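Below is one structure, written out as structure tokens, with a few remarks after it.
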Amino acid sequence: MSASSLEFDVVVVGAGIIGLTIARQFLMGSDDLSVAVVDAAVPCSLGATGAGQGYLWMGHKNPGSDKWELAMRSKRLWDMLAVSIQHQGMDPLDVLGWKRTGSLLIGRTQEEVAMLKGRVKLLSEAGLRAEYLSASDLLLKEPSLEIEKEGGAAFLPDDCQLDARRAAAFIEKENRHFASKSRYAEFYNDPALRLLRSDKSGEVEAVQTSKNTLYCKKAVVIAAGSWSGSLMQNLVRELNTRLDVPVKPRKGHLLVIENFKEMQLNHGLMEVGYVDHQTAAPHCTSSVSSVMDQGQTLSISMTATTDAMGNLVLGSSREFAGFNMEVDDSIIERIWMRARAFFPSLREMSLTDLTKSRKVRIGLRPYMPDGKPIIGPVPGLSKVVLATGHEGEGLLLALGTAEMVADMVLGNPGKLDYAPFSVQGRC
Ligand SMILES: Cc1cc2nc3c(=O)[nH]c(=O)nc-3n(C[C@H](O)[C@H](O)[C@H](O)COP(=O)(O)OP(=O)(O)OC[C@H]3O[C@@H](n4cnc5c(N)ncnc54)[C@H](O)[C@@H]3O)c2cc1C
Numbered sequence: 002m003s004a005s006s007l008e009f010d011v012v013v014v015g016a017g018i019i020g021l022t023i024a025r026q027f028l029m030g031s032d033d034l035s036v037a038v039v040d041a042a043v044p045c046s047l048g049a050t051g052a053g054q055g056y057l058w059m060g061h062k063n064p065g066s067d068k069w070e071l072a073m074r075s076k077r078l079w080d081m082l083a084v085s086i087q088h089q090g091m092d093p094l095d096v097l098g099w100k101r102t103g104s105l106l107i108g109r110t111q112e113e114v115a116m117l118k119g120r121v122k123l124l125s126e127a128g129l130r131a132e133y134l135s136a137s138d139l140l141l142k143e144p145s146l147e148i149e150k151e152g153g154a155a156f157l158p159d160d161c162q163l164d165a166r167r168a169a170a171f172i173e174k175e176n177r178h179f180a181s182k183s184r185y186a187e188f189y190n191d192p193a194l195r196l197l198r199s200d201k202s203g204e205v206e207a208v209q210t211s212k213n214t215l216y217c218k219k220a221v222v223i224a225a226g227s228w229s230g231s232l233m234q235n236l237v238r239e240l241n242t243r244l245d246v247p248v249k250p251r252k253g254h255l256l257v258i259e260n261f262k263e264m265q266l267n268h269g270l271m272e273v274g275y276v277d278h279q280t281a282a283p284h285c286t287s288s289v290s291s292v293m294d295q296g297q298t299l300s301i302s303m304t305a306t307t308d309a310m311g312n313l314v315l316g317s318s319r320e321f322a323g324f325n326m327e328v329d330d331s332i333i334e335r336i337w338m339r340a341r342a343f344f345p346s347l348r349e350m351s352l353t354d355l356t357k358s359r360k361v362r363i364g365l366r367p368y369m370p371d372g373k374p375i376i377g378p379v380p381g382l383s384k385v386v387l388a389t390g391h392e393g394e395g396l397l398l399a400l401g402t403a404e405m406v407a408d409m410v411l412g413n414p415g416k417l418d419y420a421p422f423s424v425q426g427r428c
């Protein structure tokens with residue numbers, strides 16, 4: 002076999018958190034499967050993953066919704082991974098940036114508080130530890146906040162956060178252990194260009210990249226985040242097939258203030274308006290407390306975490322701006338102003354004071370118009386499986402998605418209902 006023509010059981014296209022965890026699942030879940038991971042660049046450079054804030058929170062998820070079981074399963078798998086890291090004598094904080102801070106979903110009006118109380122009831126009935134905190138109880142837990150008397154929060158003590166870059170690097174390192182057994186190979190800076198079909202069987206048999214032909218015995222998994230739509234069109238162009246995956250990039254800015262000592266957060270924080278901020282379609286106007294403008298294409302909602310390095314991370318914006326990755330200073334200013342509405346100590350400083358310590362992170366969330374990831378075999382293209390469209394939840398949903406994809410390909414009994422995520426009828 003020449004250097005440019007190689008064979009694997011599974012070829013995964015895209016080395017964001019979704020592709021990397023899918024590769025890991027195939028490698029860890031079997032004794033002999035071989036996996037190749039292909040990326041147009043290197044992990045955490047182009048895609049959404051490197052920008053992720055890292056919260057794995059259930060407080061803003063809706064029990065009974067299509068994504069609920071996947072979110073629950075995925076959160077459980079992350080918890081199990083953190084425990085297993087600890088059992089191996091490592092610290093999950095170092096390895097994954099893992100912190101069990103709990104999360105606070107904060108409401109400031111009577112209407113928001115009524116919604117939060119209902120949410121706490123539903124989350125408790127669904128089996129999670131969840132508690133409603135009045136404004137005074139909330140301030141005891143998070144003294145940096147300013148909140149009016151009628152405000153309150155849903156508190157989920159078991160919610161966790163991780164560092165997206167550390168987590169991706171750890172998964173990558175785990176995958177690389179299998180390289181010595183000839184079960185794993187990476188093809189970075191080598192974009193996938195097209196799929197090749199076997200003349201004999203008509204089945205998809207290989208992925209042609211810019212430098213290699215990667216034959217696949219069992220599956221090709223397309224996990225290219227926001228690029229999955231255009232990539233699928235290119236991949237199938239010569240196969241006389243048409244497939245419009247309606248995923249599109251939803252740009253997000255995060256403001257990071259390094260080594261921030263002026264304010265300590267004990268938990269991860271999110272304003273209630275985030276719930277609409279995430280689900281809102283491009284022209285939706287239902288946002289409660291987040292800010293939407295610019296023809297309803299930009300929304301900003303307050304999220305705040307302290308990461309594993311002690312940096313204050315403030316989010317976040319959502320907008321449809323194509324594949325543009327440039328920093329927009331006006332958006333950063335508005336993220337800052339939104340955070341100042343919640344944290345009085347930030348009002349004592351300006352962004353200019355923080356010029357040296359501030360960084361901006363930008364990523365393109367893979368957005369699906371119906372708000373659900375698309376995970377499953379592509380009709381008419383045997384062996385091809387899609388796994389994308391996780392928008393602002395890809396870190397949380399990664400391990401459950403990976404398990405689902407591997408179970409589908411290997412014909413294992415599914416742990417979850419696949420139907421809500423199926424490709425059929427959505428492309
Ligand atoms: C600001 C921000 C904050 C976020 N915060 C959170 C959070 O707190 N919690 C959470 O759960 N989620 C969060 N998310 C969402 C999460 O980051 C994404 O859902 C997740 O990273 C998507 O992962 P992915 O692997 O599908 O895509 P990506 O990370 O975008 O990876 C796709 C990969 O495909 C590659 N690719 C593209 N074209 C090709 C090609 N032709 N050939 C080969 N490879 C190709 C790219 O180079 C890239 O590496 C956030 C996102 C943003 C932007």
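According to this note's numbering, the stretch in the sequence shown is residues 2 to 428, in order. Note that CB positions come from ideal geometry on N, CA and C, so glycine has one too. Here the structure is a predicted model, which is why all the values come from computation and not from measurement.
Q | Glu320, buried or exposed, once every other Cβ within 10 Å from all chains shown has been counted against 16 | A | buried
**Q.** Beta-ladder partner(s) of Glu8, from DSSP
**A.** Tyr216
**Q.** Own chain, CB closer than 8 Å to Leu94, minus 5 neighbours either side, in chain order
**A.** Lys100 and Ala309
(Q) Tell me which residues share the same chain as Asp125 and place their Cβ nearer than 7 Å to its Cβ, disregarding the 5 neighbours each side in the sequence. (A) What sits at residue 125 in the sequence shown is Ser, not Asp. Closer than 7 Å at the Cβ level, and outside the excluded window around Ser125, lie Ala131.
Q.
Which of the three DSSP states is assigned to Ser211 in this structure?
A. coil
Q.
Quick check on Val289: does DSSP put it in helix, strand or coil?
A. At Val289, the pLDDT of 34 sits below 50, so the modelled position is not reliable; the number obtained from the coordinates is stated separately. Correct three-state label for Val289: coil.
Q. Whole beta strand (DSSP E) runs in the segment 343-390 with 3 or more residues, listed along the chain?
A. 359-368, 375-378 and 385-389
Q. So what's Gly153 in DSSP terms, helix, strand or just coil?
A. strand
Q: Go ahead and pull the three-state DSSP assignment for Gly296.
A: Per-residue confidence for Gly296 stands at a pLDDT of 45, beneath the threshold of 50, marking its modelled position as unreliable; the derived number appears in the next sentence. Residue state, collapsed to three classes: coil.
Q) Using 8 Å as the threshold, is the segment 44-55 in touch with the segment 73-87, meaning 3 or more CB pairs across them? A) no
Q: Under 8 Å by Cβ, that's how I've got Arg251 and Glu392 pegged, so tell me the actual separation to the nearest angstrom.
A: 6 Å
Q | Whether Gly377 touches Val410 by CB criterion (8 Å) | A | no
Q | Between the CA atoms of Thr353 and Pro421 - distance to the nearest angstrom | A | 47 Å
Q) Can you find a heavy atom of ligand 1 that lies under 7 Å from the Cβ of Ser227? A) yes
Q) Whose C-alpha, out of Leu299, Ser135, Lys122 and Leu123, is nearest the C-alpha of Gln111? A) Ser135
Q | Continuous beta strand (DSSP E) assignments of at least 3 residues falling wholly in the segment 253-278 | A | 269-272
Q.
For Ser331 and Gly253, which I take to be in contact (beta-carbon distance under 8 Å), what is that distance rounded to the nearest angstrom?
A. Not quite, the Cβ-Cβ distance comes to about 15 Å (not below 8 Å), so this is no contact.
Q) Pick from Gln234, Ser300 and Val121: whose alpha carbon is nearest that of Pro247? A) Gln234
Q. Residue range of the beta strand (DSSP E) that Ala37 falls in?
A. Val36 to Val39
Q: Let me know if Thr306 comes out buried or exposed under the rule of 16 or more other beta-carbons within 10 Å of its beta-carbon.
A: buried
Q. Are the segment 180-192 and the segment 34-48 touching, with three or more C-beta to C-beta distances below 8 Å?
A. yes
Q) Where Leu78 and Ile363 are concerned, what is the direct C-alpha to C-alpha distance, given to the nearest angstrom? A) 27 Å
Q: Decide yes or no for the touch test of the segment 105-119 against the segment 222-232: beta carbon pairs closer than 8 Å, at least 3 of them.
A: no
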